[in-house]
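What follows is a set of notes on a single structure, which appears directly below.
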Amino acid sequence: MREIEITVNGERRREAVEDRRLLLDFIREDLCLTGTHAGCEHGACGACTVLLDGQAVRSCLMFAAQADGSELTTIEGVGSYPDRLHPVQEGFWEEHGLQCGYCTPGMIMASIDLLAENPSPSDEEIRERLAGNICRCTGYVNIVRAVHHAAAAGREDQS
Amino acid sequence: MKPAQFQLLQPTTRAEALAVLAEQPDETVILAGGQSLVPLMNMRFVTAERILDLNRVSGLGGVEVRGDRLVVGAMTRHREAELSPVVLDACPLLAHAERHVGYVSIRNRGTVGGTIAHADTVAQVPCVAVALDARIVLESVRGRRELAAGDFFVGNLMNAREPDEAVTEVHFPVRPVGSLFGFAEFARKVGDFPLVTAAVRLEQGAGLSRSARIAVGGAGPTPVRLAECESALEGRELTGALAEEVGRLAAESVSPADSPFVSTDYRRNLVRVVVRRALEQALDCGEELR
Ligand SMILES: Cc1cc2nc3c(=O)[nH]c(=O)nc-3n(C[C@H](O)[C@H](O)[C@H](O)COP(=O)(O)OP(=O)(O)OC[C@H]3O[C@@H](n4cnc5c(N)ncnc54)[C@H](O)[C@@H]3O)c2cc1C
Ligand code: FES
Ligand code: FES
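Here is the structure:
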């Protein structure tokens, strides 16, 4: 076991972890933040996407010890129901961008990462960026709409 | 889907990292971006007593031009190689190929040194490395040596590294002025591993091609240069018809293995298509130069 210190959703946390502890399991089982979902656990589905020092990464492909000293944002740090939803969460709500919700936290983190870089993405850019996040329910059409909805809200905020 | 126990070693200098590796080379596995290794560990296809994490070692990342070479540090992330103005200017073929590597979240962590060491025959960067005759720099406590990409890749997922060596740099030749380039792949879906890749670079003299380089990946155990296609381009003007002709020649000159999902004939046909498309891209960048 080793001690690590991570800023999680703005809060400093010190925890003891085993070397082999995946960042994903650390988030879910040690921090009890179960909004980050475990899908395939080998990098294929994107359900476990989080922001590490502001960049989208797959938490199933890193060890918690490697995140020592970093800033981590999970879906819990993005916004909350009912009155503090993030614009991307609003978008998914308004456009029915989810059904079972399994892929949703990962979709939202990847969408936030996209919009931070490109505030007005085209359909194609959204599809390309979210191609690494698998959804078994929606057929993706409403997810693309949800991201457009969030992008439009962001543009309104700017003006 | 949890990795077996191991000890994580996180040195901060190159000398320390090489010393750690030299202590027990056969029991130590190097961890770079983890985008290929960690899936294998989670599935327990790879178990190791010691994991040597290069992420905290200073001076292993970053890109710079030294003379006629673009020097890419092993820990340079794919995303940096894709977006860096230095790479785009000195070796645009690499920057273009990087756009096809997995997804952004994979490219944020995966590294140039990692994909070279992993030596997957369908990986984009190794195909570019073979096409351009990139040099792979290997370091150990015993010293430093350089291998040509064509000698480094010895089979699918196999390389010529000794157990106590780490890949520390990859050197790509700086693009000769006015040269044309193209990269094409066929993947079932954006970001998926491709079935085949093709990388080309042509130097130009009086509108005719000289020193053509063409490599394809996925058509054998390692990416390979296609000598016949290269000579077919020599001294001729690149046109759509020539691109088509060279694509056909490429398909004839490879003999990919049959697999349950991708037959030899299908893969050969894909080789024809990607070589043609890579050459068409080269043609387009020629149009821009005019
Ligand atoms: C969903 C998904 C999609 C992907 N799609 C693609 C794709 O389309 N194309 C593609 O090319 N790749 C793809 N990848 C893999 C990705 O590009 C990896 O980044 C790359 O293959 C390995 O780089 P890494 O830095 O992650 O290495 P790691 O996973 O850390 O290591 C890979 C191997 O190389 C060894 N190694 C790493 N660095 C060194 C070094 N400096 N010296 C010696 N040995 C070293 C390790 O011991 C290990 O055996 C994908 C991965 C995922 C999860
Ligand atoms: S759980 Fe991490 S990518 Fe599927
Ligand atoms: S909403 Fe069910 S997997 Fe996407």
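These protein sequence lines map, in sequence, to chains P and X.
Going by the working numbering, the first sequence opens with residue 1, and the numbers climb by one from there.
Going by the working numbering, the second sequence opens with residue 1001, and the numbers climb by one from there.
We treat Cβ as the ideally placed atom computed from N, Cα and C, and that holds for glycine.
Status (buried if at least 16 other CB within 10 Å, exposed otherwise) for residue i
{"i": "P/P82", "result": "exposed"}
{"i": "X/P1194", "result": "buried"}
{"i": "P/R220", "result": "Because residue 220 of chain P is not part of the residues shown, which for chain P are 1 to 159, the question remains open."}
{"i": "X/V1128", "result": "buried"}
{"i": "X/T1013", "result": "exposed"}
{"i": "P/P121", "result": "buried"}
{"i": "X/S1231", "result": "exposed"}
{"i": "P/A92", "result": "The residue you asked about is not Ala; residue 92 of chain P is Phe in the sequence shown. Per the 10 Å Cβ criterion, buried."}
{"i": "X/G1217", "result": "buried"}
{"i": "X/F1261", "result": "exposed"}
{"i": "P/Q66", "result": "buried"}
{"i": "P/E95", "result": "buried"}
{"i": "P/G46", "result": "buried"}
{"i": "X/A1257", "result": "exposed"}
{"i": "X/V1177", "result": "exposed"}
{"i": "P/C103", "result": "buried"}
{"i": "X/D1089", "result": "exposed"}
{"i": "P/R84", "result": "exposed"}
{"i": "P/D25", "result": "buried"}
{"i": "X/C1091", "result": "buried"}
{"i": "P/R136", "result": "exposed"}
{"i": "X/R1272", "result": "buried"}
Closer than 6 Å: residue i CB and nearest ligand 3 heavy atom
{"i": "P/T34", "result": "no"}
{"i": "P/L98", "result": "yes"}
{"i": "P/R136", "result": "yes"}
{"i": "X/Y1103", "result": "no"}
{"i": "P/Y81", "result": "no"}
Residue i: CB within 6 Å of a non-hydrogen atom of ligand 2
{"i": "P/E41", "result": "yes"}
{"i": "P/A131", "result": "no"}
{"i": "X/R1099", "result": "no"}
{"i": "P/C103", "result": "no"}
{"i": "P/R21", "result": "no"}
{"i": "P/A153", "result": "no"}
{"i": "P/G46", "result": "yes"}
{"i": "P/C60", "result": "yes"}
Rounded distance between the beta-carbons of residue j and residue i, thought under 8 Å
{"i": "X/L1226", "j": "X/L1202", "result": "The Cβ separation is near 13 Å, so there is no contact."}
{"i": "X/E1169", "j": "X/G1073", "result": "6 Å"}
{"i": "P/M109", "j": "P/I134", "result": "14 Å between Cβ atoms; not a contact."}
{"i": "X/Q1204", "j": "P/G43", "result": "Not confirmed; about 41 Å, so no contact."}
{"i": "X/A1081", "j": "X/L1094", "result": "6 Å"}
{"i": "P/G10", "j": "P/G77", "result": "7 Å"}
{"i": "X/E1064", "j": "X/V1087", "result": "Contact flag wrong, Cβ pair sits at about 10 Å."}
{"i": "P/A56", "j": "P/L23", "result": "13 Å between Cβ atoms; not a contact."}
{"i": "P/V144", "j": "P/I126", "result": "5 Å"}
{"i": "X/F1183", "j": "X/H1096", "result": "5 Å"}
{"i": "P/I37", "j": "P/P105", "result": "Just to set this straight, residue 37 of chain P is His in the shown sequence, not Ile. Correct: roughly 6 Å between the Cβ atoms."}
{"i": "X/L1018", "j": "X/E1139", "result": "6 Å"}
Heavy atom of ligand 1 within 6 Å of residue i beta-carbon
{"i": "X/T1115", "result": "yes"}
{"i": "X/I1106", "result": "yes"}
{"i": "P/V158", "result": "One point to set straight first is that residue 158 of chain P is Gln, not Val, in the sequence displayed. Not so, every heavy atom of ligand 1 lies at least 6 Å from the Cβ."}
{"i": "X/G1155", "result": "no"}
{"i": "X/S1036", "result": "yes"}
{"i": "P/I4", "result": "no"}
{"i": "X/Q1124", "result": "yes"}
{"i": "P/H37", "result": "no"}
{"i": "X/H1171", "result": "no"}
{"i": "X/V1167", "result": "yes"}
{"i": "X/T1111", "result": "yes"}
{"i": "X/V1029", "result": "yes"}
{"i": "X/F1193", "result": "yes"}
{"i": "X/A1149", "result": "no"}
{"i": "X/A1074", "result": "yes"}
{"i": "X/H1118", "result": "yes"}
In DSSP terms, what residue i is bridged to
{"i": "X/G1073", "result": "X/E1169"}
{"i": "X/N1159", "result": "X/F1153"}
{"i": "X/L1147", "result": "X/I1136"}
{"i": "P/V50", "result": "P/V57"}
{"i": "X/D1053", "result": "X/L1031"}
{"i": "X/A1199", "result": "X/F1183, X/A1215"}
{"i": "X/G1205", "result": "X/L1208"}
{"i": "P/S6", "result": "Here residue 6 of chain P turns out to be Ile, not Ser, going by the sequence shown. For P/I6, which the question treats as bridged, DSSP gives the partners P/R13."}
{"i": "P/T73", "result": "P/L51"}
{"i": "X/L1037", "result": "DSSP, once it has assigned bridges, lists no residue as partnering X/L1037."}
{"i": "P/S80", "result": "P/R84"}
{"i": "X/V1224", "result": "X/V1216"}
Residue i CB to nearest heavy atom of ligand 5 below 6 Å
{"i": "X/G1033", "result": "As presented, the structure is devoid of ligand 5, carrying ligand 1, ligand 2 and ligand 3 as its sole ligands."}
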